[in-house]
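Sequence lines, in order, name chains G and L. First residue of the first sequence? That's 172 in the numbering used here, and the numbers climb one at a time after it. First residue of the second sequence? That's 527 in the numbering used here, and the numbers climb one at a time after it. Inspection log for the structure reproduced underneath, given as C-alpha cells.
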Amino acid sequence: MIAAMVYALPFLWQGFVLTLAVSGLVVAGSLVIGLLLGTALAFGPRWLGLPIRVFADTARAIPLIVLIFTVYYGLPALGLSLSPFWAAVAALTLFKTGHVIEIVRGAIGSIHPGQMEAAKTIGLTFANRLRYVIFPQAVRRFLPPWINAVTDSVKGSALVSLVGVVDLMMAIQQVIGRTFEPMPLYILGAAIYIAVNATLSIASRRLEARFAATVAA
Amino acid sequence: MTDSNDRMDAAAPGGEAIPGRRGAFTALGAATLGAAAFAGMAATAERAAAQAPRESLLRTVISRGRLIVGTGSTNAPWHFEDDRGQLSGMDIAMARILAAGLFDDPAKVEFVRQDPAQRIPNINTGRVDIVIQFMTMNPQRAQLVAFSRPYYAEGVALLTSARSRFKTFAELRAAGSTARASVLQNAGADALVKDALPQAQVMQLDTQANVIQAMEAGRADTAVVDLSTVRWLVKRTPDRYIDAGHSFRSQLYGAAMRQSDPDWLNFVNAVFNVNMFGHVSEAYDAAMSDFFGIEPRRRTPGFPPI
C-alpha cells in the first residue's frame, strides 16, 4: 500500500501543480468579476442588475460538468477555440463567479441601510461610502462563505480531467491505468486534497480573526 | 461588533442620481456592448471561413508538421504512461506508425488526452486530426465519423478474483440475476454484458481500472473487460485475478476521423495496410508482440492478403 503510494508520488507532481494553477486562476478570476458584478447587483440600476441576476442564477443552476462541456465544445462553434486548460478555467470561473456574486450581494445586503444613510449625511461620495463604510463591515460577512467557495473550487478542479487536462485527479488515473491498483492512489489523492484544503481553512481562520480585530479597533 | 442589527433584507436604496456611480456603471455597460460587438465580428469571420472550400486534412497536417492524435492515458495496454511517464500502448504505436508515414519521424505526434466520451465530439469540432483510442467500430458510430480499417480484433472476457463469490463462467451464469457485472461506460455496454450473462445486473463505470476495482472491492462479481486486459492482468498477477474462462463478441478497433475527407481517410488506410500487411511491418509487429504476446504473421508475396 505505502510502496504503491511512494511509487506514484513523482508522477503526481505536475498534476498537483496544475490543480493549484487551475484553482488559483479560478479563485482570483471569480473574486474580481464577482466583486464587480456583486456590487453592481447590490447598488446598480435595474437594467444592470437584471442581467447579472440572470447570469448568477444560470451559472449556479447548471451542473459544473455540463458547463465545462458547454464551454469546451460551444465556444469553438462561435469561432473562439480555447485550449482544454483555458476552457476548463473559463467554465469553472463562470460557475464560481455566480457564487461569489451571491456572497458579495449577501454580505453587502446584510449591512444595515442606516450605515449607508449615515455615511451620506456626512457627505462621502459613493466610492468612499463603499470604501470606508460598507466594505470594511461586509468583508467579515463575506469571508466565511467565500473560503467555503474556495475549497469547493479546489475540489471542483478535479472535473477538468474530463476535457483531458492532466490535473492531480487525471495524474492519479494515469498511474492507476498502469498499475490497476486504484485504492492506494485514491487514498493518496484524498490526503493531498485534504492537505490543500486544510491549509486554506487555517489561513482563512487567521484572515477572519485579523479582519474582526481591525474593524473592532 | 457595533452593528448588531443584522438584517438580511436590508436592500440598498435605489434610483438615486449620483454622477460618479452612474458613470461607473455606464462604462461597465459600454464595455459589455463592446465585447458583444467583437463576438459578432468573430462570428461573421467564422461564417466566411466556412463557405470557403475545405482542404483535405492531409494537406493541413503535412504543412503543420505534426499529427494531432486524440487518445487516452489511463488504459493499459492500449494507452498508458509507462514507468518513465511516456505514453505507451497499442494505440500510441498506431499513432507513431502514422506519424512515420507522414513525416518519416514517429516522434512528430502531439497527443491530446481525452476521455472516451470525447472521442467523437473532438473529431467533429476539429480539436484532433484522428482518434486512436480503442474505439470499437459500429454502425451507429460510423454514421458520425469515418473509421479507418481495423487494426486489432478485440474480444470481451470475464475477469474474477480469488475472493469473488462466483469464479467461473458456469458459476456466474448459474447465479442468474444475483450476479453483478461491472463494465466500461459505453454505447451498447449493457447489451455486451447480457450477451454472456443475460440476467446479470450491469454497473457502468468510467475507467477500465474502476471497472476492475469494483470487482475487487466486491461491488461486482465479475468485471467485463477486454480479453487483452484479462490476459495481461492474469499473466502479471495470477494469485489475484482469474480468467472466468469465457470470451465472446469479437469487435473491431479502428481509428476515427471526420467524414467527407476521402484523401485523409485513404492516406490513413494506406499507411495502416502497408504496416499490417506490407513491407514496413516492424513497428506493428513489435507492438503486437509487446502488448498482446501475438507473434508476427509471415507476409507471403503473391495474392494480396487483404
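No residue lacks a Cβ here, since even glycine has one placed at the ideal position from N, Cα and C. Note that the structure is a prediction, hence the values are computed from the model and not measured.
Check: Minimum Cβ-Cβ distance from L759 of chain L to chain G less than 8 Å; Outcome: yes
Check: Proximity to F829 of chain L [Cα-Cα], best of L:E821, L:F803, L:Y810, L:S815; Outcome: L:F803
Check: Short CB-CB distance (under 8 Å) between G560 of chain L and chain G; Outcome: Confidence at G560 of chain L is low in this model, with a pLDDT of 46, below 50, so its placement is unreliable and the value that follows should be read with caution. Cβ-Cβ to chain G under 8 Å: no for G560 of chain L.
Check: Where Q644 of chain L sits in the DSSP three-state scheme; Outcome: helix
Check: First and last residue of the uninterrupted beta strand (DSSP E) at A781 of chain L; Outcome: 767-783
Check: Extent of the continuous beta strand (DSSP E) to which Y678 of chain L belongs; Outcome: 672-687
Check: Assigned secondary structure, V635 of chain L (DSSP; H/G/I helix, E/B strand, else coil); Outcome: strand
Check: Contact set between D641 of chain L and chain G, taken where Cβ atoms lie within less than 7 Å; Outcome: L333, G335
Check: Residues that A602 of chain L contacts on chain G, provided the C-beta gap is smaller than 9 Å; Outcome: G348, R349, T350, F351
Check: Pair within 8 Å by beta-carbon distance, R224 of chain G and E607 of chain L; Outcome: no
Check: Whole-angstrom distance between A309 of chain G and R276 of chain G, CA atom to CA atom; Outcome: 9 Å
Check: Contact between the stretch 317-328 of chain G and the stretch 371-379 of chain G (3+ Cβ pairs under 8 Å); Outcome: yes
Check: Where V728 of chain L sits in the DSSP three-state scheme; Outcome: strand
Check: Of the residues G:I233, G:P234, G:L249, G:P255, the one placed nearest Y243 of chain G, counting alpha carbons only; Outcome: G:P255
Check: Distance between beta carbons of T694 of chain L and A770 of chain L, contact taken as under 8 Å; Outcome: 5 Å
Check: Of the residues G:Y303, G:I282, G:I365, G:V346, the one placed nearest Y178 of chain G, counting alpha carbons only; Outcome: G:V346
Check: Contact residues within the stretch 242-265 of chain G, judged by C-beta distance below 7 Å to chain L; Outcome: Y244, P247, L249, G250, L251
Check: Member of L:E808, L:N799, L:F817, L:S815 whose CA lies at the smallest distance from the CA of P831 of chain L; Outcome: L:N799
Check: Extent of the continuous alpha helix (DSSP H) run through E607 of chain L; Outcome: Segment 605-607 is the beta strand (DSSP E) holding E607 of chain L; no alpha helix (DSSP H) there.
Check: At least three beta-carbon pairs within less than 8 Å, the stretch 652-669 of chain L to the stretch 756-775 of chain L; Outcome: no
Check: Chain G residues whose Cβ lies nearer than 9 Å to that of I738 of chain L; Outcome: F351, P353
Check: Neighbour list for F793 of chain L in chain G, Cβ cutoff strictly below 7 Å; Outcome: Near F793 of chain L there are no residues of chain G at all, since even the closest Cβ is about 25 Å away, more than 7 Å.
Check: DSSP three-state assignment for T481 of chain L, whether helix, strand or coil; Outcome: Outside the modelled stretch of chain L, which goes from 527 to 832, sits residue 481 of chain L, for which no answer is possible.
Check: With 16 other Cβ atoms within 10 Å as the buried cut-off, status of Q725 of chain L; Outcome: exposed
Check: Cβ separation of V760 of chain L and A781 of chain L, assumed to be a contact under 8 Å, to the nearest whole Å; Outcome: Between A781 of chain L and V760 of chain L the Cβ distance is about 28 Å, and since that is not below 8 Å, they are no contact.
Check: Counterpart residues of T662 of chain L in DSSP-defined beta bridges; Outcome: L:Y779
Check: Cutoff 6 Å; reference A261 of chain G; Cβ partners in own chain excluding five residues on either side; Outcome: V242
Check: Within chain L, the residues that F182 of chain G reaches when beta carbons sit closer than 8 Å; Outcome: E607, G611
Check: Alpha-carbon to alpha-carbon, S815 of chain L and V638 of chain L; Outcome: 26 Å
Check: is_contact[A735 of chain L, chain G] using C-beta, thresh 8 Å; Outcome: yes
Check: DSSP-derived helix/strand/coil call for I272 of chain G; Outcome: helix
Check: G566 of chain L, DSSP secondary structure in three states; Outcome: Any reading at G566 of chain L needs caution, since the residue's pLDDT is 49, under 50, leaving its predicted position unreliable; the model's value is listed next. DSSP places G566 of chain L in helix when its eight states are reduced to three.
Check: Straight-line Cα distance separating Y364 of chain G from Y357 of chain G; Outcome: 11 Å
Check: Best match in L:I738, L:G702, L:R667, L:S786 for proximity to I768 of chain L [C-alpha to C-alpha]; Outcome: L:I738
Check: Same chain, Cβ closer than 6 Å to A278 of chain G, five either side skipped, listed in chain order; Outcome: A309, R312, F313
Check: Beta-carbon gap between V587 of chain L and V654 of chain L smaller than 8 Å; Outcome: no
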